[in-house]
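Asks: Dropping the structure in here first, questions after.
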Amino acid sequence: MTYISHEIPRCLIDEHQDFISDYQFVLLHKILEDKDYAEMVCDFANNGEFTYLDNSCFELGESLDNDILYEWFQRLEPDFVVLPDVLGDRKRTLERSIEFANDYPDTIPNGMPVIQGATPDEMIDCYNDFTEYSDKWPIIGIPFVYRWADKDPTLQANERIKLLERMDRECIDRDIKHHLLGTWQAREFAHYRDYNWIHSIDTSNPVMAALDGTPYAGIHGLTQKPTSTFDSIYDMKEEDIDLDLLYYNVDSFRQIVTGKFPERKYPENLNYFKYFTYSGQHG
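Counting from 501, one number per residue, gives the positions in the sequence shown under this note's numbering.
Right, here's the structure in full:
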């Protein structure tokens, strides 16, 4: 089973988070800038929910400071913590991640290094560097932004498809878990169904699309990346959200990942007729 998490607006978390996500993926920069979010994240930890602590590299370009990340690692005791990395920079990513692991060795059993590089070869070298540094990593992350390709959603998604195909052939350690960070196009995940070494995925893509008012085209997802971001939608009001469309997109995403439309419980107030109309028109 591949575990999935989607970031959603604050107003939906109490009633809908457990229907939408398999685990909590929390963002360090949001913890620091929003007291309510920080309190909510602490509640996750206190209730024993399975949690990943992200370093906010994608949002900021590189991870927040090591001491801040470690402070929140201690406070939250997450199941996994994303180690410091720098987008597209293998050398600085290795320096920052290994410095963090050396300074805070108690994080290694929960640490998720993320591979980075300016070329596919550098990405694979970075992967090998991390696995050679320690055999104690429980999980390794693979990003979705690639410096060597134009920032076109299709080209970027195709680069990860090609990278994972190559890694599957050449270097994947099947004794550890792997996590896919984000996506440009959800349809890429249909290519990974036979990769049982992929443990988890986090992406806001189907939720942001719904908040933009855009239904997924069934298993094809979207051709463009949604314009909304987690920071821009976090304070949305529930009356401004089409829950039927949101659940349709979320379940279409799971269909892309698993190959079948999910059979599960839904909130009692969901408009099933409208929901399945989306499925019929766009599935």
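Positions of the beta carbon are idealized from the N, C-alpha and C atoms, including for glycine.
Based on the DSSP output, what are the partners of residue 681 in its beta bridges?
Replies: Answer is 702.
Asks: Could you round the C-beta distance between residue 715 and residue 748 to whole angstroms and report it? I think they count as a contact, below 8 Å.
Replies: 6 Å between Cβ atoms; contact.
Asks: My output table needs one value for residue 723: the three-state DSSP class, helix, strand or coil.
Replies: Note: residue 723 maps to coil in three-state DSSP.
Asks: Mapping DSSP to helix, strand and coil, what is residue 781?
Replies: Here the model assigns residue 781 a pLDDT of 45, short of 50, so the residue's position is not dependable, and the following value carries that caveat. Three-state result, residue 781: helix.
Asks: From the DSSP output, in three-state form, read off residue 614 for me.
Replies: Looking at residue 614 - three-state DSSP - the assignment turns out to be strand.
Asks: Just mark residue 659 as buried or exposed, buried being the case when its beta carbon has 16 or more other beta carbons within 10 Å.
Replies: Buried, because 16 or more other Cβ atoms sit within 10 Å of the Cβ of residue 659.
Asks: Report yes or no: do three or more beta-carbon pairs, one from the region 703–710 and one from the region 664–673, lie closer than 8 Å?
Replies: The region 703–710, when compared against the region 664–673, does not touch it at the 8 Å Cβ threshold.
Asks: In three-state terms, what does DSSP make of residue 657?
Replies: Note: residue 657 maps to helix in three-state DSSP.
Asks: Can you name, in chain order, every residue of its own chain whose Cβ lies under 7 Å from the Cβ of residue 751, other than the five neighbours on each side?
Replies: Correct list, in chain order: 761, 762.
Asks: Who are the Cβ neighbours of residue 620 in its own chain at under 6 Å, not counting the five residues just before and after it?
Replies: These residues qualify, in order along the chain: 663.
Asks: So does the region 640–654 actually touch the region 599–606, counting three or more Cβ pairs closer than 8 Å?
Replies: No, the region 640–654 does not touch the region 599–606.
Asks: Could you check which residue in 537, 522, 520, 521 has the C-alpha nearest to that of residue 789?
Replies: The structure shown has nothing for residue 789, since the chain only spans 501 to 783.
Asks: Would DSSP call residue 551 helix, strand or coil?
Replies: Reduced to three states, the DSSP call for residue 551 is strand.
Asks: For residue 663, which three-state DSSP category applies?
Replies: In this structure, residue 663 counts as helix in the three-state DSSP scheme.
Asks: The alpha helix (DSSP H) spanning residue 750 covers which residue range?
Replies: Per DSSP, residue 750 belongs to the alpha helix (DSSP H) from 743–758.
Asks: What residue range is occupied by the uninterrupted beta strand (DSSP E) comprising residue 525?
Replies: Looking at the DSSP string, the run of the beta strand (DSSP E) that includes residue 525 is 524–527.
Asks: Anyone know if the C-beta pair for residue 486 and residue 711 falls short of 8 Å?
Replies: Only positions 501 to 783 of the chain appear in this structure, which leaves residue 486 out of reach.
Asks: The alpha helix (DSSP H) with residue 570 in it runs from where to where?
Replies: Element bounds for residue 570: 566–576.
Asks: For residue 730, which of helix, strand or coil comes out of DSSP?
Replies: The answer is helix: DSSP assigns residue 730 an H, G or I state.
Asks: Among 632, 570, 560, which residue has its Cα nearest to the Cα of residue 594?
Replies: With distances taken between Cα atoms, residue 594 lies closest to 632.
Asks: Using the beta-carbon count (16 or more within 10 Å), is residue 790 buried or exposed?
Replies: Since the displayed the chain opens at 501 and closes at 783, residue 790 lies outside it and no answer follows.
Asks: So, using beta-carbon positions, are residue 512 and residue 739 closer together than 8 Å?
Replies: Contact flag unset, no.
Asks: Let's see if you can read the secondary structure: which residues bound the alpha helix (DSSP H) around residue 513?
Replies: From DSSP, the alpha helix (DSSP H) with residue 513 extends over 510–520.
Asks: Go ahead and pull the three-state DSSP assignment for residue 718.
Replies: DSSP places residue 718 in helix when its eight states are reduced to three.
Asks: Which term fits residue 556, buried or exposed, when burial requires 16 or more other beta carbons within 10 angstroms of its beta carbon?
Replies: Looking at its Cβ environment, which holds 16 or more other Cβ atoms inside 10 Å, residue 556 is buried.
Asks: Considering only residues of the same chain and omitting the five flanking positions on each side of residue 503, which have a CB-CB separation below 6 Å?
Replies: Within the same chain, residue 503 has close Cβ partners 522, 523, 700.
Asks: Considering Cα atoms alone, identify which of 578, 583, 552, 721 is closest to residue 565.
Replies: Among 578, 583, 552, 721, the Cα nearest to that of residue 565 is on 583.
Asks: What's the C-alpha gap between residue 541 and residue 695?
Replies: Going by the C-alpha atoms only, they are around 31 Å apart.
Asks: Going by other Cβ atoms of all chains shown within 10 Å of its Cβ, with 16 needed for buried, is residue 591 buried or exposed?
Replies: Exposed, by the Cβ-count rule.
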